[in-house]
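Participant: Numbering of the sequence shown is given in our numbering, commencing with residue 3 and proceeding in unit increments. Just so it is clear, CB atoms sit at the ideal spot from N, CA and C, and this is done for glycine as well. Note that the structure is a prediction, hence the values are computed from the model and not measured. A single structure is presented below for examination.
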Amino acid sequence: MKRFLLAGILILVALSGCDRNPAGDTATAIPTVELTPTNTPEALALKVNGESITLTDFNAALKRLQEAQQSINQSGSEAEQKATVTENLVSELLLAQAAVQAGQTVDDAALQQRIDALAAEIGGAEKLLEWQQRYGYTPDSFRSDLRRSILAAWQRDQIINAVPTTADQVHARQILVLDEDNATYAYADLQTGTEFGTLAYAYDPQLGGDLSWFPVWGLTQQNVADAAFALQPGEYSEVIKSAIGYHIVFVIERDANHVLSVNARRLLQEKTLQDWLSAAKAASTIEILTN
Numbered sequence: 003m004k005r006f007l008l009a010g011i012l013i014l015v016a017l018s019g020c021d022r023n024p025a026g027d028t029a030t031a032i033p034t035v036e037l038t039p040t041n042t043p044e045a046l047a048l049k050v051n052g053e054s055i056t057l058t059d060f061n062a063a064l065k066r067l068q069e070a071q072q073s074i075n076q077s078g079s080e081a082e083q084k085a086t087v088t089e090n091l092v093s094e095l096l097l098a099q100a101a102v103q104a105g106q107t108v109d110d111a112a113l114q115q116r117i118d119a120l121a122a123e124i125g126g127a128e129k130l131l132e133w134q135q136r137y138g139y140t141p142d143s144f145r146s147d148l149r150r151s152i153l154a155a156w157q158r159d160q161i162i163n164a165v166p167t168t169a170d171q172v173h174a175r176q177i178l179v180l181d182e183d184n185a186t187y188a189y190a191d192l193q194t195g196t197e198f199g200t201l202a203y204a205y206d207p208q209l210g211g212d213l214s215w216f217p218v219w220g221l222t223q224q225n226v227a228d229a230a231f232a233l234q235p236g237e238y239s240e241v242i243k244s245a246i247g248y249h250i251v252f253v254i255e256r257d258a259n260h261v262l263s264v265n266a267r268r269l270l271q272e273k274t275l276q277d278w279l280s281a282a283k284a285a286s287t288i289e290i291l292t293n
């Protein structure tokens with residue numbers, strides 16, 4: 003062992019002796035190279051107008067969706083779940099970007115206030131940290147995600163709250179049967195002069211087929227709604243076939259500015275939001291980088 007140590011020392015001495023240059027020749031310096039460590043770019047899942055979501059954050063969102071579906075006994079393939087997460091993240095980014103363009107901001111104080119409120123709701127800061135770790139969040143990624151969701155919610159509210167509270171609506175009733183023969187018989191009765199309401203109560207003793215007031219988007223069977231809006235008050239349609247049966251529709255009255263029901267306005271809000279998102283996607287650069 004001592005011989006190996008001595009040999010090492012001798013080699014160092016010999017090398018150091020070379021620097022003395024007894025012959026007076028010019029020494030050639032050995033350049034040293036400092037290696038600067040480089041960070042490997044993090045893999046991305048998607049980009050919307052240059053703003054990206056990392057694969058780590060995407061997978062964390064996927065895990066949250068999977069656990070949420072399991073908690074309500076909802077099943078779905080991983081491909082469907084990934085498609086849902088992608089759709090949600092793209093929509094959230096588009097809404098948040100629009101909010102920023104409109105001048106909306108979430109400063110650090112407001113963000114921390116929201117985090118503190120969440121911590122209090124979940125049982126304290128430690129509980130919130132445990133929740134973040136369970137679902138793949140770092141403190142920074144959680145703040146970024148929360149800021150984006152606040153901005154997206156603000157923009158969403160601007161869109162849906164702008165929906166009017168009134169719309170062109172009709173008040174109608176219908177005769178609905180499951181087979182075409184009965185519908186043909188009912189239509190023939192109407193043709194002989196039987197009052198629509200009298201016949202409607204024969205087929206629906208409780209409500210007389212009353213559909214109440216509805217806008218053109220307010221029925222589950224769109225072709226039935228379209229037929230109703232093609233009629234004048236006091237007129238009834240021919241037999242209409244839909245996915246649920248055979249209809250004859252009678253329009254009682256119509257109002258161009260009738261107050262929307264809660265459900266009808268909600269449907270309009272959903273349609274308006276989806277129309278906004280469709281237009282925003284068409285005008286944006288969207289890159290999906292996951293399989």
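#1: Return the first residue and the last residue of the alpha helix (DSSP H) that GLN224 is part of.
#2: Give the C-beta separation of TRP278 and ILE117 to the nearest angstrom, bearing in mind that I take them to be a contact with Cβ-Cβ under 8 Å.
#3: Based on DSSP bridge pairs, tell me the residues matched to LYS129.
#4: Just mark PRO235 as buried or exposed, buried being the case when its beta carbon has 16 or more other beta carbons within 10 Å.
#5: Which residues in the same chain as HIS173 place their Cβ atom closer than 6 Å to its Cβ, once the five residues preceding and following it in sequence are excluded?
#6: When you compare each of LEU262, ASN61, ASP110, GLN208 to TRP219 by their alpha carbons, which one comes out closest?
#7: Any idea which residues DSSP pairs GLN176 with across the strands?
#8: May I ask you to report which of helix, strand or coil DSSP gives TYR187?
#9: Helix, strand or coil for ASP110, going by three-state DSSP, please let me know.
#10: Give the secondary structure of ASP147 by DSSP, where H, G and I count as helix, E and B as strand, and everything else as coil.
#11: Measuring only the C-alpha atoms, how far is ASP183 from LEU201?
#12: Could you tell me which residues DSSP pairs with VAL50 in its beta bridges?
#13: Roughly how many angstroms lie between the CA atoms of GLN134 and THR140, to the nearest whole one?
#14: Look at the alpha carbon of LEU153 and the alpha carbon of ASP181, and state the distance between them as a whole number of angstroms.
#15: Closest to PRO217 by C-alpha separation, out of ASP206, TYR238, LEU269, would be which residue?
#16: Between the stretch 282 to 291 and the stretch 45 to 62, do at least 3 Cβ pairs fall closer than 8 Å?
#17: Within the same chain, show all residues whose beta-carbon is closer than 7 Å to that of ALA232, passing over the 5 residues directly before and after it, in chain order.
#18: Going by other Cβ atoms of all chains shown within 10 Å of its Cβ, with 16 needed for buried, is TYR238 buried or exposed?
#19: Within 10 angstroms of the Cβ of LEU96, are there 16 or more other Cβ atoms? Answer buried if so, exposed if not.
#20: Can you check which of these residues, TYR137, VAL102, VAL179, is closest to ASN61 by C-alpha distance?
#21: Rank HIS249, TYR203, ALA45 by C-alpha distance to the C-alpha of TYR189 and give the top, closest one.
#22: State the DSSP-derived secondary structure class of LEU120, mapped to helix, strand or coil.
#23: Tell me which residues share the same chain as VAL165 and place their Cβ nearer than 6 Å to its Cβ, disregarding the 5 neighbours each side in the sequence.
#24: Taking LEU113 and LEU148 to be in contact with their CB atoms under 8 Å, please state how far apart those CB atoms are, rounded to whole angstroms.
#25: Residue range of the alpha helix (DSSP H) that SER214 falls in?
#26: Near ALA106, which residues of its chain fall below 8 Å by C-beta distance, leaving aside the five closest residues on each side in sequence?
Facilitator: For this structure:
#1: Numbered from its first residue, the sequence shown carries residue 224 at position 222. Unbroken alpha helix (DSSP H) run through GLN224: 224 to 231.
#2: Locating residue 278 in the sequence shown gives position 276, counting from the first residue. Locating residue 117 in the sequence shown gives position 115, counting from the first residue. So it is not a contact: roughly 29 Å between Cβ atoms.
#3: Against the sequence shown, residue 129 aligns to sequence position 127. Answer by DSSP bridge pairing: none, since LYS129 is not bridged.
#4: Position 233 of the sequence shown holds residue 235. It is exposed - the Cβ of PRO235 has fewer than 16 other Cβ atoms within 10 Å.
#5: Mapped onto the sequence shown, residue 173 falls at position 171. For HIS173, where only same-chain residues beyond five positions count, the Cβ hits under 6 Å are TRP215, ILE254, GLU255.
#6: Position 217 of the sequence shown holds residue 219. With distances taken between Cα atoms, TRP219 lies closest to LEU262.
#7: In the sequence shown, residue 176 corresponds to position 174, counting from 1. Answer is VAL251, bridged to GLN176.
#8: For the purposes of this step, residue 187 is identified with residue 185 of the sequence shown, where counting begins at 1. Looking at TYR187 - three-state DSSP - the assignment turns out to be helix.
#9: Locating residue 110 in the sequence shown gives position 108, counting from the first residue. Three-state result, ASP110: helix.
#10: Along the sequence shown, read from residue 1 onward, the residue named residue 147 stands at position 145. ASP147 falls in the helix class under three-state DSSP.
#11: Within the sequence shown, the letter at position 181 stands for residue 183. Within the sequence shown, the letter at position 199 stands for residue 201. So the alpha carbons of these two residues sit roughly 16 Å apart.
#12: In the sequence shown, residue 50 corresponds to position 48, counting from 1. BP columns for VAL50 point to GLU53, ILE288.
#13: Mapped onto the sequence shown, residue 134 falls at position 132. Mapped onto the sequence shown, residue 140 falls at position 138. C-alpha separation (whole angstroms): 7 Å.
#14: For the purposes of this step, residue 153 is identified with residue 151 of the sequence shown, where counting begins at 1. For the purposes of this step, residue 181 is identified with residue 179 of the sequence shown, where counting begins at 1. Whole-angstrom Cα-Cα distance: 51 Å.
#15: In the sequence shown, the residue the question calls residue 217 occupies position 215. Ranking ASP206, TYR238, LEU269 by Cα distance to PRO217 puts LEU269 first.
#16: yes
#17: Taking the sequence shown and counting its residues from 1, one reaches residue 232 at position 230. Contacts found: none.
#18: Looking up residue 238 in the sequence shown gives position 236. It is buried - the Cβ of TYR238 has at least 16 other Cβ atoms within 10 Å.
#19: As a position in the sequence shown, residue 96 is number 94, starting the count at 1. Answer is buried; the Cβ neighbour count reaches 16.
#20: On the sequence shown, residue 61 is found 59 positions in, with the first residue counted as 1. Comparing Cα positions, the closest option is TYR137.
#21: Here residue 189 is taken as the residue at index 187 of the sequence shown, counted from 1. With distances taken between Cα atoms, TYR189 lies closest to HIS249.
#22: Position 118 of the sequence shown, counting from 1, holds the residue named residue 120. Three-state DSSP puts LEU120 in a helix.
#23: One-based indexing of the sequence shown puts residue 165 at position 163. Within the same chain, VAL165 has close Cβ partners LEU270, GLN271, THR274.
#24: As a position in the sequence shown, residue 113 is number 111, starting the count at 1. As a position in the sequence shown, residue 148 is number 146, starting the count at 1. About 7 Å; that satisfies the 8 Å criterion.
#25: The residue given as residue 214 occupies position 212 in the sequence shown. Run containing SER214: none in the alpha helix (DSSP H); it sits in the beta strand (DSSP E), 212 to 216.
#26: For this step, residue 106 is matched to residue 104 along the sequence shown. Per the sequence presented here, residue 106 reads as Gln, with Ala not at that position. Taken in chain order, the residues that qualify are LEU153, TRP156, GLN157.
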